[in-house]
Amino acid sequence: MFVQSYQKVLNVNNERVLLNIIDTAGQEDYQIRDQHFRSGDGFLLVFDVTSKKSFEEIPSFYENILKSKEGSEYPVVLCGNKCDLPASSRTVTEVEAKKLCETNGWMYFDTSAKQGLNIQKSFETLCKMIIDFNTEDTDTGGGNQKEEEKPKKKGFLSKLFKKK
Numbered sequence: 001m002f003v004q005s006y007q008k009v010l011n012v013n014n015e016r017v018l019l020n021i022i023d024t025a026g027q028e029d030y031q032i033r034d035q036h037f038r039s040g041d042g043f044l045l046v047f048d049v050t051s052k053k054s055f056e057e058i059p060s061f062y063e064n065i066l067k068s069k070e071g072s073e074y075p076v077v078l079c080g081n082k083c084d085l086p087a088s089s090r091t092v093t094e095v096e097a098k099k100l101c102e103t104n105g106w107m108y109f110d111t112s113a114k115q116g117l118n119i120q121k122s123f124e125t126l127c128k129m130i131i132d133f134n135t136e137d138t139d140t141g142g143g144n145q146k147e148e149e150k151p152k153k154k155g156f157l158s159k160l161f162k163k164k
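This is the structure:
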């Protein structure tokens with residue numbers, strides 16, 4: 001199975017940011033997936049609000065990211081997709097998702113890829129988090145970037161954008 005990639009230009013803090021997005025959903029070749037994890041500056045994790053199993057897999061998926069990043073934490077946005085479906089089909093509540101995010105220091109958005117609900121906002125939020133994270137890292141001497149350099153933006157998602 002091949003990894004799909006996308007690009008999206010966003011305006012963040014009055015600057016144009018090019019997001020390189022790599023969709024690792026369903027990637028069975030863990031070596032390839034982990035290689036993409038290592039190069040990521042931030043992560044957008046997506047689960048299906050109508051699938052408890054997809055939500056329950058998020059913590060172990062995040063653990064794989066941490067292993068690939070050698071234990072370092074990076075900005076994460078969690079998206080509960082398919083929020084446009086009837087509430088009766090929802091098996092993961094917004095409260096459950098927000099609790100997981102609170103525990104891990106992540107941001108949460110209910111999203112609908114079908115209706116485009118909160119898609120832009122989730123990526124803009126991730127970009128801002130990455131910029132803040134890289135600024136803090138540089139300010140504390142942990143970064144290897146010059147102050148005037150703009151960090152590359154990367155994220156991971158599950159079919160939220162149409163392929164270019």
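Letter 133 of the sequence shown, counting from 1, is numbered 133 in the UniProt record's numbering, and no numbers are missing. Glycine included, C-beta positions come from ideal geometry on N, C-alpha and C. These figures come from a predicted structure and were not determined experimentally.
CB of residue i within 8 Å of CB of residue j, strictly
| i | j | result |
| --- | --- | --- |
| N49 | R90 | One point to set straight first is that residue 49 is Val, not Asn, in the sequence displayed. Yes. Within cutoff. |
| A78 | W106 | In the sequence as displayed, the identity of residue 78 is Leu instead of Ala. Closer than 8 Å, so yes. |
| I130 | G42 | yes |
| F123 | L44 | yes |
| Y108 | K121 | no |
| S54 | C83 | no |
Distance, residue j Cα to residue i Cα
| i | j | result |
| --- | --- | --- |
| F133 | P59 | 21 Å |
| V12 | C127 | 7 Å |
| I65 | G71 | 8 Å |
| S5 | T24 | 9 Å |
| residue 165 | K67 | The structure shown does not extend to residue 165, since the chain is modelled only from 1 through 164, so no value can be given for it. |
| E96 | T103 | 11 Å |
| Y74 | G40 | 9 Å |
| F37 | C101 | 19 Å |
| E56 | N20 | 27 Å |
| T125 | D110 | 13 Å |
| T135 | R16 | 17 Å |
| S51 | Q7 | 28 Å |
| G116 | I22 | 19 Å |
Buried/exposed call for residue i, threshold 16 Cβ in 10 Å
| i | result |
| --- | --- |
| V9 | exposed |
| T93 | exposed |
| G80 | buried |
Notebook entry, point to check: Of all the beta strand (DSSP E) runs that stay within the bounds of the stretch 89-137, which reach a length of 3 or more residues?
Noted result: The stretch 89-137 contains these whole beta strand (DSSP E) runs: 107-110.
- prompt: Can you give, in chain order, each stretch of the alpha helix (DSSP H) that sits fully within the stretch 9-93 and has at least 4 residues?
  reply: Taken in chain order, the unbroken stretches of alpha helix (DSSP H) that lie wholly in the stretch 9-93 and span 4 residues or more are 30-39, 52-56, 58-68.
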